[in-house]
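S.K.: Would you mind keeping the following structure in view while I ask a few things?
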Amino acid sequence: MLLFMSKLFAAIIYPVGLFCVLSLITLIFLLFKKYKRAMFFLVLSILPVWLFSTPAISHYVVRSLESKFDPPAVFPHVPAIVVLGGSTQAATPPRRYVETNECGDRIFHALRLVKAHYAPLIICTGGRISFLNNSPGSEAADMACLLREFGNNDSTNIIIEDKAQNTHDHGPKVMQIFKKRGLKKEIILVTSAMHMYRSVKVFEKAGFVVHPAPTDYWKDKNSDVKFFSFMPNANDLEASTAALHEYYGMLAYWFMGWI
943 MLLFMSKLFA AIIYPVGLFC VLSLITLIFL LFKKYKRAMF FLVLSILPVW
993 LFSTPAISHY VVRSLESKFD PPAVFPHVPA IVVLGGSTQA ATPPRRYVET
1043 NECGDRIFHA LRLVKAHYAP LIICTGGRIS FLNNSPGSEA ADMACLLREF
1093 GNNDSTNIII EDKAQNTHDH GPKVMQIFKK RGLKKEIILV TSAMHMYRSV
1143 KVFEKAGFVV HPAPTDYWKD KNSDVKFFSF MPNANDLEAS TAALHEYYGM
1193 LAYWFMGWI
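First residue of the sequence shown? That's 943 in the numbering used here, and the numbers climb one at a time after it.
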């Protein structure tokens, strides 16, 4: 229930969800001929969507998260590389094979690190949230499938953790694997750069020494402000929404004592 409510509440307070709620309030005031109040809520509904869909604002919000960890040139040797789920599309019709989504760089970066021999094991962690996606199998299994297909032919070095349903679950679930195998509690953590700060805190809370390996960057380091930096577009709205998702998640995790 907590997971369901968190997804529902978050959808309402994202820019598009907020626009829908405030637009509905605007319509109610129009029905009652409260035109000044209707105009106020109309402006209030448009403003967040416009601001967060502009490259200037989107760049600032996204980079405030992505800049927290720079990608290292080299890593220490550790017992395992941990790659977080959320980067695949299941092999359901019309797809014949597992595919990557916009976070697919996580898989290829993990494969890059495995081939560099930074760790003997790779742990894919991520279950499937039934009320959001009823595809068979798990995200972890899908990631393992792609890792094998694109170059990691040794199936014995891939461990699938398919119970975690959110970022908070990953740390404790992976720790169970480490304790069972008697491994040193040190990992290279692979996830999207925007998602890295919260993920690192979760794994540190679980007792790991974490070496971040961020990937899947939305924005470059530098961005010149131009006239078109304030023209709205769908890509920047998506990037801003993803960043807001992280900030909401960080706030919720702090409140719950999870980070």
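Glycine is no exception: its CB is placed at the ideal position from the N, C-alpha and C atoms.
Assuming the contact rule is C-beta atoms closer than 8 angstroms, residue 1203 and residue 1007 should be a hit. Round their C-beta distance to whole Å, please.
M.R.: Residue 1203 is absent from the structure shown; the chain starts at 943 and stops at 1201.
S.K.: Following the continuous alpha helix (DSSP H) through residue 1066, name the residue where it begins and the one where it ends.
M.R.: Segment 1063-1067 is the beta strand (DSSP E) holding residue 1066; no alpha helix (DSSP H) there.
S.K.: Could you say if the segment 1078-1088 and the segment 1035-1046 meet the contact criterion of at least three C-beta pairs nearer than 8 angstroms?
M.R.: The segment 1078-1088 vs the segment 1035-1046: in contact.
S.K.: Our contact map puts residue 1117 next to residue 1148 with C-beta atoms below 8 angstroms; I'd like the distance itself, whole angstroms only.
M.R.: Sure, about 5 angstroms apart at Cβ, within 8 angstroms.
S.K.: Whole angstroms are fine: how far does the CA of residue 1026 sit from the CA of residue 1131?
M.R.: In a straight line, the C-alpha of residue 1131 is about 8 angstroms away from that of residue 1026.
S.K.: Helix, strand or coil for residue 1031? Go by DSSP, reduced to three states.
M.R.: Here residue 1031 sits in strand by DSSP.
S.K.: For residue 1161, does the count of other Cβ atoms within 10 angstroms reach 16, so buried, or fall short, so exposed?
M.R.: It is buried - the Cβ of residue 1161 has at least 16 other Cβ atoms within 10 Å.
S.K.: DSSP three-state label for residue 1041, please.
M.R.: Three-state result, residue 1041: strand.
S.K.: For the beta strand (DSSP E) that residue 988 lies in, which residues bound it at each end?
M.R.: Counting along the chain, residue 988 falls outside any beta strand (DSSP E), though it belongs to the alpha helix (DSSP H) covering 977-994.
S.K.: Could you have a look at residue 960 and say whether DSSP puts it in helix, strand or coil?
M.R.: It is helical.
S.K.: Quick one: using the 10 Å Cβ neighbour count with 16 as the cut-off for buried, is residue 923 buried or exposed?
M.R.: Outside the shown range of the chain, which is 943 to 1201, sits residue 923, and nothing can be said about it.
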